[in-house]
Amino acid sequence: MCDTILMNFFQSSLWKNKIEEHDKNQIVLPIFLFFDDYEVGNPLGSHSGIHKLGAVYLTVPCIPIHRQASLNNIFLTLLFHSSDRQKFGNNIIFRPLIDELNYLKETGIEINTAKFEGNIKFELGLIVGDNIGVHSITGFVESFSSNYPCRMCKIKKEDMRKQCYVDMTLQRSWEQYTSDVSEGDVTRIGIKEACVWHDVKSFKVLYQVGVDIMHDLLEGVCKYDMSFLIFYYDNDLKLFLEVINDRMVNFDYGPDKGSKPSVSNIENIRKHGIRQSASEMTTLVRYFGLLIGDFIPRNDPVWYLYILLRQILDLITSLSLQKGSCEFLQSLVAEHHNLYLKYSNLCLKPKYHLMLHYHTLLKKFEPLVFLWSIRFEAKHRISKISANTSSNRCNICKTLAIKHQLQLNDMFLKGTSSNAI
Numbered sequence: 000m001c002d003t004i005l006m007n008f009f010q011s012s013l014w015k016n017k018i019e020e021h022d023k024n025q026i027v028l029p030i031f032l033f034f035d036d037y038e039v040g041n042p043l044g045s046h047s048g049i050h051k052l053g054a055v056y057l058t059v060p061c062i063p064i065h066r067q068a069s070l071n072n073i074f075l076t077l078l079f080h081s082s083d084r085q086k087f088g089n090n091i092i093f094r095p096l097i098d099e100l101n102y103l104k105e106t107g108i109e110i111n112t113a114k115f116e117g118n119i120k121f122e123l124g125l126i127v128g129d130n131i132g133v134h135s136i137t138g139f140v141e142s143f144s145s146n147y148p149c150r151m152c153k154i155k156k157e158d159m160r161k162q163c164y165v166d167m168t169l170q171r172s173w174e175q176y177t178s179d180v181s182e183g184d185v186t187r188i189g190i191k192e193a194c195v196w197h198d199v200k201s202f203k204v205l206y207q208v209g210v211d212i213m214h215d216l217l218e219g220v221c222k223y224d225m226s227f228l229i230f231y232y233d234n235d236l237k238l239f240l241e242v243i244n245d246r247m248v249n250f251d252y253g254p255d256k257g258s259k260p261s262v263s264n265i266e267n268i269r270k271h272g273i274r275q276s277a278s279e280m281t282t283l284v285r286y287f288g289l290l291i292g293d294f295i296p297r298n299d300p301v302w303y304l305y306i307l308l309r310q311i312l313d314l315i316t317s318l319s320l321q322k323g324s325c326e327f328l329q330s331l332v333a334e335h336h337n338l339y340l341k342y343s344n345l346c347l348k349p350k351y352h353l354m355l356h357y358h359t360l361l362k363k364f365e366p367l368v369f370l371w372s373i374r375f376e377a378k379h380r381i382s383k384i385s386a387n388t389s390s391n392r393c394n395i396c397k398t399l400a401i402k403h404q405l406q407l408n409d410m411f412l413k414g415t416s417s418n419a420i
């Protein structure tokens, strides 16, 4: 594998440092943990919140790329009521999993098959999830209107609204983190409690928490940008929104026809912004130039904001990248943020700030598209279907966990696991 091309977590500087802790002859595989809360019932019903569950999923990022998206290769690891975590705290809820991770790191498991015999150990590589979920289980503040809402640097929320470059002097260091935890002043440090995952040997929260481009970019920055662009051109060009809605309905999206964008009206965009799912937003951004490019005057300065957004999206969702792409991404994001501030007359929201860190995380981890939560959240659907077919909600976590294990055992017995992996 070429060292100048980033394609897998094995190539990351983080994993290269991790693997040095083990014997050279020992097989060690990385694992990712994903956390999220979800509602198994009707989230708008009278019983919403009662059966809101927290789930931790595990995946092995070293398997082939085309297999990583399979739900069969995303494993349920922990399931609990969200209210229990709020009542008893992260330490009590995650303790069994932390002990298991330490066992897998130090002892490993013995494999005895026709194709392989030996010991395999596992190392926790990254914790991933949406921003609120990750902050809640790692001890950072969950409100992004707090004084210091970023988990990667100590920028004030007032400065965050206009920042286009990362201030490296504000980056959180390990020494500073331990000092801040000891201080315990949430309003001055943005940390509620020490990260419970530090009990996993050699894990450090500042260096081993990923980002989620699904929530940051597709359901965040893209939504804000596209809402501004459509509203801007609708005021500038007559019948613009009517034409774009007509073209969105009739356009041939080819291989992306399964995620065709939905139509909008100007009042909804003005009040709530454009509403699309993550996959629909991806399609909209990619095809927006073909949909209405003939309406845009040549050398229109605002249109360049869309061009930058499209370039950023293509770069971040790429399955492989050259190492020089990190610096290119940094310059694209900075120029994009400058243009948004200039033409929208709006402040930058927290998700814009998180994008400023993407180029450094790309160097540490791997292509960021492998860290997004879109496939993990699809795994929720299995539990939701099982819960809806069960009329008994007593100890729903145990019911769903048993059903997950039965489905996994069925896959092993039928021999379909080899096809999945």
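Note that numbering that gives the first Met the number 0 gives residue 5 to position 6 of the sequence shown, counting from 1, and the numbers run on in steps of one. A virtual CB, placed ideally from N, CA and C, is assigned to each residue, including glycine.
Taking the continuous beta strand (DSSP E) assigned at residue 377, which residues delimit it? First-last for residue 377: 373-388, but that is the alpha helix (DSSP H), not the beta strand (DSSP E).
At the level of alpha carbons, what is the spacing between residue 351 and residue 212? 11 Å
In angstroms with no decimal places, state the Cα-to-Cα distance between residue 27 and residue 125. 15 Å
For a quick check, are the C-beta atoms of residue 203 and residue 101 less than 8 Å apart? no
Closest to residue 141 by CA distance: which of 191, 280, 234 and 340 is it? 191
Straight-line CA distance for residue 328 to residue 185? Taking the CA atoms as reference points, residue 328 sits about 32 Å from residue 185.
Alpha carbons only, please: which of 348, 361, 304 and 268 is nearest the one belonging to residue 314? Of 348, 361, 304 and 268, the residue nearest in Cα terms is 361.
Please return the same chain residues whose Cβ sits closer than 6 Å to the Cβ of residue 90, not counting the five positions on each side in sequence. 195
In this structure, does DSSP put residue 62 in helix, strand or coil? coil
Give a yes or no on contact between the stretch 157-174 and the stretch 104-115, applying the rule of three or more CB pairs nearer than 8 Å. no
Of the listed residues 335, 295 and 325, nearest to residue 358 (C-alpha basis): 325
How many angstroms separate the CA atom of residue 225 from the CA atom of residue 154? 27 Å
Pick from 13, 6, 399 and 55 that is closest to residue 63, judged by C-alpha positions: 6
Taking residue 341 as the reference, which of 375, 301 and 331 has the closest Cα? With distances taken between CA atoms, residue 341 lies nearest to 301 out of 375, 301 and 331.
Determine the direct distance from the alpha carbon of residue 217 to that of residue 336, and round the result to whole angstroms. 16 Å
Alpha helix (DSSP H) runs contained entirely in the stretch 228-314, provided each spans 4 or more residues: Unbroken alpha helix (DSSP H) stretches of 4 residues or longer found wholly inside the stretch 228-314: 239-249, 265-271 and 277-291, given in chain order.
Chain-order list of residues whose beta-carbon lies under 7 Å from that of residue 205 (same chain, five-residue window excluded): Its chain contains 171, 173 and 176 as the residues whose beta carbon lies nearer than 7 Å to that of residue 205, once the 5 sequence neighbours on both sides are disregarded; these appear in chain order.
Beta-ladder partner(s) of residue 78, from DSSP: 54
Limits of the alpha helix (DSSP H) - the one that residue 188 falls within: 185-188
State the CB to CB distance for the pair residue 119 and residue 107, rounded to an integer number of angstroms; the pair is presumed to be in contact (CB under 8 Å). 5 Å
Nearest-angstrom Cα separation, counted from residue 269 out to residue 96: 45 Å
Checking 8 Å against the spacing of the C-beta atoms, do residue 80 and residue 396 come in under that value? yes
Alpha carbon of residue 37 to alpha carbon of residue 254, nearest angstrom: Going by the C-alpha atoms only, they are around 30 Å apart.
Please state whether the Cβ-Cβ distance between residue 77 and residue 55 is less than 8 Å. yes
Ordered along the chain, which non-local residues of its own chain (more than five positions away) have a Cβ less than 8 Å from that of residue 110? 116, 117, 118 and 119
Which residues share a DSSP beta bridge with residue 117? Under DSSP, residue 117 shares a beta bridge with 110.
Once the 5 residues before and after residue 131 are set aside, which same chain residues still bring their CB inside 7 Å of it? Non-local beta-carbon contacts of residue 131 in its own chain, meaning distances under 7 Å to residues more than five positions away in sequence, involve 141 in chain order.
Report the option in 188, 167, 68 and 32 whose CA atom is closest to the CA atom of residue 356. 167
First and last residue of the uninterrupted beta strand (DSSP E) at residue 36: 26-38
How big is the Cα-Cα spacing for residue 53 and residue 399? Rounded to the nearest whole angstrom, the CA to CA distance from residue 53 to residue 399 is 12 Å.
Of the residues 134, 276 and 73, the one placed nearest residue 404, counting alpha carbons only: For residue 404, the nearest C-alpha among the options comes from 73.
How far does the alpha helix (DSSP H) with residue 332 in it extend, from its first residue to its last? Run containing residue 332: 324-343, per the alpha helix (DSSP H) assignment.
Here's the rule I'm using: 16 or more other beta-carbon atoms within 10 Å means buried, otherwise exposed. How should residue 15 be labelled? So residue 15 counts as exposed.
For the candidate residues 371, 241 and 307, whose alpha-carbon lies nearest to that of residue 35? 371
If you drop the 5 nearest sequence neighbours on each side, which residues of the same chain put their C-beta closer than 8 Å to that of residue 50? 38, 39, 40, 80, 386, 392 and 395
Please confirm whether residue 250 and residue 305 have their CB atoms less than 8 Å apart. no
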